[in-house]
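Student: In the numbering used here, the protein residues as written are 1499 to 1710.
The beta carbon of each residue, even a glycine, is placed where N, CA and C say it ideally should be.
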Ligand code: HEC
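1. Tell me, please, whether the stretch 1573–1591 touches the stretch 1639–1655 by the rule of three or more beta-carbon pairs shorter than 8 Å.
2. I'd like the span of the alpha helix (DSSP H) that includes residue 1519, first residue to last.
3. If you draw a straight line from the alpha carbon of residue 1506 to that of residue 1529, how long is it in whole angstroms?
4. Taking 8 Å as the threshold (C-beta atoms), are residue 1636 and residue 1696 in contact?
5. Does residue 1675 pass the burial test, meaning 16 or more other C-beta atoms within 10 Å, or should it be called exposed?
6. Going by DSSP, what residue range makes up the alpha helix (DSSP H) through residue 1629?
7. So the candidates are 1705, 1532, 1516, 1688; which of them puts its Cα closest to the Cα of residue 1641?
8. Measuring CB to CB, does residue 1643 end up less than 8 Å from residue 1702?
9. Note down the Cα distance separating residue 1716 from residue 1567, rounded to an integer number of angstroms.
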């Protein structure tokens, strides 16, 4: 930087701060003295003061607009409009990603990798705490027998994992914490438990499921 530029910046800084030269401090020293801490009577720095004026101007503008144009300058309307926009965006996203959100066309997966993932999720998502690792049941019903409380088959099982069981029974809705693909893998895994013999099978609950 040349000397000229330097002094240019110095002048700008000076005009924005209006700081006093160190040598002048004695002139602007007030007589306030708190345990030896003294106070300089500096002017408010212009950069701060202008910022303050700007906020005053903005507040006046908004105060006027809130009365002049209550439709647009209204927090509630703004909120409602933003929520509506966000909902539309969510709907659009769901449309663009049917594989993630459209449950209607889901079927059981047969790829061993998916079944293995389902088994892993069954343990990691704490399903085993209530249904036991071999699906024999405990707090939750036996998942290996022919009987289903809320209907067997892919659709019903997927649905109960997603939406939960009857209120108060302990089977919560998992759709908020387990994504669709993983719920599909879990369901596919549970279907493979049919006919296996768990160590301590819980007595059958519900009706024998004859459907798909
Ligand atoms: C806190 C205990 C608990 C946990 C954890 C739990 N369940 Fe359940 N589950 C239950 C109970 C209780 C029921 C019976 C619900 C009813 O009677 O309405 C049930 C029902 C079910 C059913 C339907 C059984 C039928 O006969 O209709 C399936 C499938 C199932 N759970 C899968 C899962 C999966 C998958 C997980 C893990 C993501 C899981 N559960 C986690 C307690 C639990």
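Tutor: With the given structure in hand:
1. no
2. Sequence index remark: in the chain shown, residue 1519 carries index 21 (1-based). Looking at the DSSP string, residue 1519 is not in any alpha helix (DSSP H), and its letter there is neither H nor E.
3. Counting from 1 along the chain shown, the entry for residue 1506 is found at position 8. Counting from 1 along the chain shown, the entry for residue 1529 is found at position 31. In a straight line, the C-alpha of residue 1506 is about 35 Å away from that of residue 1529.
4. For the purposes of this step, residue 1696 is taken as the residue at position 198 of the chain shown. For the purposes of this step, residue 1636 is taken as the residue at position 138 of the chain shown. Not a contact, by the Cβ cut-off of 8 Å.
5. By one-based count along the chain shown, residue 1675 stands at place 177. Flag for residue 1675 reads exposed.
6. Sequence index remark: in the chain shown, residue 1629 carries index 131 (1-based). Run containing residue 1629: 1625–1629, per the alpha helix (DSSP H) assignment.
7. Counting from 1 along the chain shown, the entry for residue 1641 is found at position 143. The option with the nearest alpha carbon to residue 1641 is 1688.
8. Position 145 of the chain shown holds residue 1643. Position 204 of the chain shown holds residue 1702. Closer than 8 Å, so yes.
9. Summary: the structure shown does not reach residue 1716, with the chain confined to residues 1499 through 1710, and so no result is reported for it.
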